[in-house]
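These notes are about the structure you will find just below.
Protein chains: 2
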Amino acid sequence: MPSSEFSIIEEFFAINSAQGMMPTLGIGDDCAVLDIPSDKQLAVSTDTLVEDVHFLSNSDPRLLGHKALAVNLSDIAAMGATPTWVSLAITLPAIDKGWLSSFSQGFFALAKEHSVQIIGGDTTRGPLSITVNIMGLLPNGQCLARSGAKVGDAIYVSGTIGNAGLGLKKAIKADVDQKDPDVGSYLKPEPCVSLGEAILSMANSCIDVSDGLSADLNHILKASHVGATISHEDMPFTQSVKEYMEENNDDLWPYSTGDDYQLCFTMPPQTSISELATYDVTKIGVIEEKQGLRIKFNDGKLITLNKGFDHFQPVSGELGISTAE
Amino acid sequence: MPSSEFSIIEEFFAINSAQGMMPTLGIGDDCAVLDIPSDKQLAVSTDTLVEDVHFLSNSDPRLLGHKALAVNLSDIAAMGATPTWVSLAITLPAIDKGWLSSFSQGFFALAKEHSVQIIGGDTTRGPLSITVNIMGLLPNGQCLARSGAKVGDAIYVSGTIGNAGLGLKKAIKADVDQKDPDVGSYLKPEPCVSLGEAILSMANSCIDVSDGLSADLNHILKASHVGATISHEDMPFTQSVKEYMEENNDDLWPYSTGDDYQLCFTMPPQTSISELATYDVTKIGVIEEKQGLRIKFNDGKLITLNKGFDHFQPVSGELGISTAE
């Protein structure tokens, strides 16, 4: 049998058809057809990963499959939605069954974990890139928009910040240690889907930290017409990130590096976070009326950070690798 | 202001926000949020166009913007759905405002024509490619699947067949005549959205002719577990296509060439097509129990055509340009 586009889709992309919310009509027609429950709204997002831009050209295809879905699940998480369906458009220079098999294993392992059903795809020939379109469900009238932050809200972030950026710096070295947790943060991000669902009824605003905390929190501030001050000393930095800042004498570095795929969200100050006890979340600051994002240091220094990551002005040097949105 | 990703999206992709069915939350958040009317289902499709694979590298960006949306609208048409929302993921080597402006003009002119609302996008740096995710609405319980063809059904095709393939052959020549109708068929296909809606309650099966009539009709036959015989002499070939077949002594050529974006559909034999009087549709054959696709010639010759276009085994030579799905 020739390795035609049709057999590629059938062989690699239609393998997990027995879980999650089944489409009315799935892979194999001109469109998928989906029934949306009448008490639900649909959340939709698209992200593209391009070789040598969002990932290294020697990337492990299994990790790449994971990451391509993870960065999209992260957008669903940031809306507080429950992921349900995904389409995968993959462009690759030539058929490589080993590569495709590993890629799909990574993709589907994560899809299975989140009961996400693949409903369609497109396979084309060309320079390697992957575009995922993901859909999730939300109760009618509810979502975690960027525009809902209120003056006085406490600002939270999940997990730790800066590790993926540090992992990228380590991953592009010749002697990369695959077991280094920072490298793992970069290569295999875990989207905060469950946390997003948990805060849907609690938070006023939310975004996923993909382009760097500074850029992403600034999106919330701009959309909500507010400002914020965050405390540098309260930031969840690991020892490895602290050491990097110290060695490079650059306290601001982790605010501008991307790919962490944590959630940054704001909640009214009186909100009890006891319901979030099973999640790793840290209060880092407060929403204020005065526009702009300020970083406050223990020594009294106050720095305004209003810029973030830009895909067309890469911040990471050697290979011109930038982070995924 | 730097030409950042955010300003690109705002500047070029958010310009037609005042038409069609508004999203609850549109461009500018982690996801778009959509309310689906309770009497409707959602039809979803994704298609990618890659430079030097699906379009020539010197393509007019306005025509490319049109085509990127047209090929996706064609999938919506093939389901009988009404297009509503679209996401645009575009990867481009560098910011070229002139190119982007023309591309978006072509894209949005067609979007406006069909009242399609753009709900999101992703802009990344890399080799030029465009992935569109399109959504449309269908009445609950209705769609034009490939799998519904019944023995005895009449097979119809819209418009004419082979012109886009001929147009591609003309377009890659140095002295291309932009006003040649075949070139126009290739560069600026018009999706049959209105016809798709018109046949939703009439047809048993439908597909859009993107990979060549042979490949696409074979998809219907395979999905419906039936066969077909079509009459070569009944096929809607223009004089230009007939001349090409004659000059090249290749009667089968237009069955395997793609990019026509016509609809091929089957209807019960007794169905009156008076309701379709305003459309250009031609009866070309009959669905039969015997598997396989047969082309019948007036001289009694019968040829079985069970293969079609394959993106990884390009059929068109010189530039390795293949047709979009």
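One line per chain: the protein sequences are A and B, in this order.
So in this note's numbering, spot 282 of the first sequence is number 290, and the numbers just go up one at a time.
So in this note's numbering, spot 123 of the second sequence is number 131, and the numbers just go up one at a time.
Beta carbons: idealized from backbone N, C-alpha and C, even for Gly.
#1: Between the region 89-103 of chain B and the region 117-130 of chain B, are three or more C-beta pairs nearer than 8 Å?
#2: Less than 7 Å between C-beta atoms, sequence neighbours within five positions excluded: which residues of the same chain meet that for P147 (chain A)?
#3: If you measure from the beta carbon of P135 (chain B) to each beta carbon in chain A, is any gap under 9 Å?
#4: According to DSSP, what are the bridge partners of T286 (chain A)?
#5: Taking one C-beta from the region 61-81 of chain A and one from the region 31-41 of chain A each time, how about it: are there three or more such pairs within less than 8 Å?
#6: What is the rounded straight-line gap between the Cα of K304 (chain A) and the Cα of M143 (chain A)?
#7: Examine chain B for any beta-carbon lying closer than 9 Å to the beta-carbon of L42 (chain A), and answer yes or no.
#8: Is it buried or exposed for A223 (chain B), if we count other Cβ within 10 angstroms and need 16 for buried?
#9: Tell me whether T314 (chain A) sits in a helix, a strand or coil according to DSSP, three-state version.
#10: Along the chain, where does the beta strand (DSSP E) containing G300 (chain A) start, and where does it finish?
#11: How would you call H62 (chain B), buried or exposed, if buried means at least 16 neighbouring beta carbons within 10 angstroms?
#12: Measure the CB-CB distance between S95 (chain B) and T54 (chain A) and report whether it falls below 9 Å.
#13: Could you give the DSSP three-state label for L229 (chain B): helix, strand or coil?
#14: Can you grab the Cα-Cα spacing for the pair L313 (chain A) / P262 (chain A), in whole Å?
#15: Scan the region 150-215 of chain A and note each continuous alpha helix (DSSP H) run of 4 residues or more that stays entirely inside, going in chain order.
#16: Just verifying my parser: in three-state terms, what is the DSSP assignment at V249 (chain B)?
#17: Among B:A97, B:R154 and B:P69, which residue has its Cα nearest to the Cα of I163 (chain B)?
#18: Buried or exposed: where does P45 (chain B) fall if 16 or more other Cβ atoms within 10 Å of its Cβ makes it buried?
#19: In its own chain, which residues sit with a C-beta less than 7 Å from the C-beta of A231 (chain B), not counting the 5 before and 5 after it?
#20: For P277 (chain B), count the other beta carbons within 10 Å of its own beta carbon; 16 or more makes it buried, fewer makes it exposed. Which is it?
#21: Taking C-alpha atoms, which residue in A:L81, A:G106, A:T139 and A:T132 lies nearest to V124 (chain A)?
#22: Kindly indicate if chain B contains any beta-carbon less than 9 Å away from that of T92 (chain A).
#23: Sorted by chain position, which residues of the same chain lie with C-beta nearer than 7 Å to A97 (chain A)'s C-beta, five sequence neighbours on each side aside?
#24: Exposed or buried, what is T168 (chain A) when buried is set at 16 or more other beta-carbons lying within 10 Å of its beta-carbon?
#25: Going along the chain, which residues of its own chain have a beta-carbon closer than 8 Å to the beta-carbon of A172 (chain A), five neighbours each way excluded?
#26: Taking 9 Å as the threshold (C-beta atoms), are P135 (chain A) and V58 (chain A) in contact?
#27: In whole angstroms, what separates the C-alpha of G114 (chain A) from that of A285 (chain A)?
#28: Going along chain A, which residues have a C-beta under 8 Å from M87 (chain B)?
#29: Just how far apart, CA to CA, sit S137 (chain A) and H227 (chain A)?
#30: Buried or exposed, going by whether 16 or more other CB atoms sit within 10 Å of the CB of K178 (chain B)?
#31: Spatial neighbours of L50 (chain A) within its chain, please: C-beta separation below 7 Å, excluding the five flanking residues on both sides.
#32: Mind checking L310 (chain B): buried by the 16 CB within 10 Å criterion, or exposed?
#33: Starting from R70 (chain A), follow its DSSP beta bridges and name the residues at the other end.
#34: Taking its Cβ as the centre, do 16 or more other Cβ atoms sit within 10 Å of S166 (chain A), making it buried, or is it exposed?
#35: List the endpoints of the continuous alpha helix (DSSP H) containing L118 (chain B).
#36: In chain order, what residues of the same chain have a beta carbon less than 6 Å from the beta carbon of Y252 (chain A), not counting five sequence neighbours either side?
Straight from the coordinates:
#1: yes
#2: Working through the first sequence from its first residue, we reach residue 147 (chain A) at position 139. Answer for P147 (chain A): D47 and K48, listed in chain order.
#3: One-based indexing of the second sequence puts residue 135 (chain B) at position 127. Closer than 9 Å: yes.
#4: As a working mapping, residue 286 (chain A) is identified with position 278 in the first sequence. Beta-bridge pairing links T286 (chain A) to no other residue.
#5: no
#6: For the purposes of this step, residue 304 (chain A) is identified with residue 296 of the first sequence, where counting begins at 1. For the purposes of this step, residue 143 (chain A) is identified with residue 135 of the first sequence, where counting begins at 1. Cα to Cα, the separation comes out at about 38 Å.
#7: Position 34 of the first sequence, counting from 1, holds the residue named residue 42 (chain A). So yes, L42 (chain A) belongs to the interface.
#8: For the purposes of this step, residue 223 (chain B) is taken as residue 215 along the second sequence, with counting starting at 1. Result: buried.
#9: For the purposes of this step, residue 314 (chain A) is taken as the residue at position 306 of the first sequence. The residue you asked about is not Thr; residue 314 (chain A) is Asn in the sequence shown. In the structure shown, N314 (chain A) sits in coil (DSSP, three-state: anything other than H, G, I, E or B).
#10: Walking along the first sequence from the start, residue 300 (chain A) turns up at place 292. G300 to K304 is the extent of the beta strand (DSSP E) around G300 (chain A).
#11: Sequence index remark: in the second sequence, residue 62 (chain B) carries index 54 (1-based). By the neighbour-count rule (16 or more Cβ atoms within 10 Å), H62 (chain B) is buried.
#12: On the second sequence, position 87 is the one that residue 95 (chain B) refers to. On the first sequence, position 46 is the one that residue 54 (chain A) refers to. In contact: S95 (chain B) and T54 (chain A) (Cβ atoms closer than 9 Å).
#13: Position 221 of the second sequence, counted from the start, is the residue given in the question as residue 229 (chain B). If DSSP states are grouped into helix, strand and coil, L229 (chain B) belongs with the helices.
#14: Numbered from 1 along the first sequence, position 305 holds the residue referred to as residue 313 (chain A). Numbered from 1 along the first sequence, position 254 holds the residue referred to as residue 262 (chain A). Computed Cα separation, rounded: 12 Å.
#15: 171-179, 189-195 and 201-207
#16: As a working note, residue 249 (chain B) is residue 241 in the second sequence. V249 (chain B) falls in the helix class under three-state DSSP.
#17: As a first step, residue 163 (chain B) must be located in the second sequence, where it is residue number 155. If we check each option's Cα against that of I163 (chain B), B:R154 comes out closest.
#18: On the second sequence, residue 45 (chain B) is found 37 positions in, with the first residue counted as 1. Per the 10 Å Cβ criterion, exposed.
#19: To locate residue 231 (chain B), count along the second sequence from 1; it is residue 223. These residues qualify, in order along the chain: R154 and S155.
#20: Here residue 277 (chain B) refers to the residue found at position 269 of the second sequence. Exposed is the call here.
#21: Mapped onto the first sequence, residue 124 (chain A) falls at position 116. Checking every option, the nearest Cα to that of V124 (chain A) belongs to A:L81.
#22: On the first sequence, position 84 is the one that residue 92 (chain A) refers to. No, T92 (chain A) does not count as interfacial toward chain B.
#23: Numbered from 1 along the first sequence, position 89 holds the residue referred to as residue 97 (chain A). Counting only Cβ-Cβ distances below 7 Å, and skipping sequence neighbours, we find G129, D130 and T139.
#24: Within the first sequence, numbered from 1, the residue matching residue 168 (chain A) stands at position 160. When all chains shown are included, T168 (chain A) counts as buried.
#25: Here residue 172 (chain A) is taken as the residue at index 164 of the first sequence, counted from 1. Hits under 8 Å: D190, S193, Y194, P197, T265, G266, D267, D268, Y269 and T331.
#26: For the purposes of this step, residue 58 (chain A) is identified with residue 50 of the first sequence, where counting begins at 1. For the purposes of this step, residue 135 (chain A) is identified with residue 127 of the first sequence, where counting begins at 1. Result yes, Cβ atoms of V58 (chain A) and P135 (chain A) sit closer than 9 Å.
#27: One-based indexing of the first sequence puts residue 114 (chain A) at position 106. One-based indexing of the first sequence puts residue 285 (chain A) at position 277. Taking the straight line from one Cα to the other gives about 30 Å.
#28: What you label residue 87 (chain B) is simply residue 79 of the second sequence in a count that begins at 1. Under the 8 Å cutoff, chain A gives D37, D38, C39 and V41.
#29: Residue numbering aside, residue 137 (chain A) sits at position 129 when the first sequence is read from its first letter. Residue numbering aside, residue 227 (chain A) sits at position 219 when the first sequence is read from its first letter. Those two C-alpha atoms are separated by around 27 Å.
#30: By 1-based counting over the second sequence, the position of residue 178 (chain B) is 170. It is buried - the Cβ of K178 (chain B) has at least 16 other Cβ atoms within 10 Å.
#31: In the first sequence, the residue the question calls residue 50 (chain A) occupies position 42. Excluding residues within five positions, the ones whose Cβ falls inside 7 Å are I44, M143 and L145.
#32: Counting from one through the second sequence, the residue named residue 310 (chain B) turns up at place 302. So L310 (chain B) counts as exposed.
#33: As a working mapping, residue 70 (chain A) is identified with position 62 in the first sequence. None, per the DSSP bridge assignment.
#34: As a working mapping, residue 166 (chain A) is identified with position 158 in the first sequence. Burial call: buried.
#35: As a position in the second sequence, residue 118 (chain B) is number 110, starting the count at 1. It spans K105 to E121 - the alpha helix (DSSP H) in which L118 (chain B) sits, taken as one unbroken run.
#36: Translated into the one-based positions of the first sequence, residue 252 (chain A) becomes position 244. Excluding positions up to five away in sequence, the list reads L174.
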